[in-house]
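Accompanying notes for the structure given below.
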Amino acid sequence: MATTYGRVVPHLDLDALRGKLIVIEGADGSGRSTQINLLKDWLESRGFAVEAFGLRRSELVSQELDQAKKSSVLGLHTLTLFYATDFADQLENKIIPALRAGFIVLADRYVYTLMARAIVRGAERQWLESLYSIALVPDAVVYLQVEPEVLIRRAFQKSPTLDYWESGMDLGLSRDMYTSFIKFQKLMQAEFKRMRSVYGFEIVNGNRSIPRIAEELRKKVERVVEGVVYGEITDDGREGGGGWDGGEGDVRGVGLGGGRGGASGDGGREGGTPREPREAPAAPPRDR
Ligand code: ADP
228 MATTYGRVVP HLDLDALRGK LIVIEGADGS GRSTQINLLK DWLESRGFAV
278 EAFGLRRSEL VSQELDQAKK SSVLGLHTLT LFYATDFADQ LENKIIPALR
328 AGFIVLADRY VYTLMARAIV RGAERQWLES LYSIALVPDA VVYLQVEPEV
378 LIRRAFQKSP TLDYWESGMD LGLSRDMYTS FIKFQKLMQA EFKRMRSVYG
428 FEIVNGNRSI PRIAEELRKK VERVVEGVVY GEITDDGREG GGGWDGGEGD
478 VRGVGLGGGR GGASGDGGRE GGTPREPREA PAAPPRDR
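Okay, so the sequence shown: first residue is 228 according to my numbering, each after it adds one.
Here's what the structure looks like:
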């Protein structure tokens, strides 16, 4: 059964969420969009219905958020709440309906980035955990880890200038944008490393070639959607597959505000945050 990090959106029947939520996290230039596009094509070619989700794409506030970012008029807490509004809107109106309809939702970043960005800027961890406790615990979270120096090279392939916020220029780490970018990305990576022990991310080496990373991600995602693809029902009537480790009871997600289970505390195993196996296969084959 699907679960959240604490609070549940009003009137949401978690049992009715038949799809799978897969999150790809990483810095700008870590290759998230490249890999999500490849995964989407691959999943669709196998008959899945796929929905892509990304931060700052809500119809409610995305334009205003872009405006706010340009002007730097909002303080840390106001900007954080703005982002949270964008997330909540998309959770209610995009992610949940898609999961209800049995889609595989591929999220280009999730609450972890929002929390990490706010934490490195000095926001209170507990407040953020409470704010984002409405978030659904994903079926899998992968963090594409790429060296900051490599990120810079890739960023310049996309655009001739570095992004002000992704370089952490508002933090006053350095007046030189290049130096600030490296420092900021190191802070973000340290925060993700810390979060990993709490939320159980799978860390993938994103410094490698696009096809090699894609191959690794496909293997991981295959395990998550396994029961969906083949509709395997185990002897006790439960669906097979689930977590990336496939290990029963390997619930890694720790409630942001309570939520489900606790960290497995196994210290070394990597894995996603699988939901409980369900009784029926999830996503219907896509009409083609
Ligand atoms: P993100 O969505 O994380 O910002 P993109 O997928 O847009 O990153 O990739 C940023 C740039 O880096 C693009 O020009 C892309 O072609 C390139 N790129 C992505 N992944 C790799 C990789 N593994 N190796 C080399 N270049 C890559």
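Every residue, glycine too, gets a C-beta built ideally from N, C-alpha and C.
I346 Cβ short of 7 Å to the ligand ADP heavy atom set
no
Quick check on the burial criterion: 16 or more other C-beta atoms within 10 angstroms. Buried or exposed for V300?
exposed
Give a single yes or no on whether G256 has its beta carbon closer than 7 Å to a heavy atom of the ligand ADP.
yes
Which residue marks the beginning of the beta strand (DSSP E) containing F330, and which one marks its end?
F330 -> no beta strand (DSSP E), and no H or E assigned at all.
Between A243, P237, N264, G399, which has its C-alpha nearest P438's C-alpha?
N264
Should T231 be labelled buried (16 or more other beta-carbon atoms within 10 Å of its own) or exposed?
buried
Range of the contiguous alpha helix (DSSP H) that encloses K420
404-426
Nearest-angstrom Cβ-Cβ length linking V377 and V250, presumed shorter than 8 Å:
Rounded, the Cβ-Cβ distance is 22 Å, inconsistent with contact.
Cα-Cα separation between Q384 and E453, rounded to whole angstroms
36 Å
Report the option in L414, R421, V373, N320 whose CA atom is closest to the CA atom of F280.
N320
Cβ of I249 versus every heavy atom of the ligand ADP: is any distance shorter than 7 Å?
no
Is any heavy atom in the ligand ADP found nearer than 7 Å to the beta carbon of Q416?
no
Does the ligand ADP have a heavy atom nearer than 7 Å to the CB of Q412?
no
Just to confirm, does G399 get its C-beta within under 7 Å of one of the non-hydrogen atoms of the ligand ADP?
no
So who's on the other strand from K247, going by DSSP bridges?
I331
Can you tell me where the alpha helix (DSSP H) holding L265 begins and where it ends?
259-272
Please determine whether the Cβ atom of I322 lies at a distance below 7 Å from any heavy atom of the ligand ADP.
no
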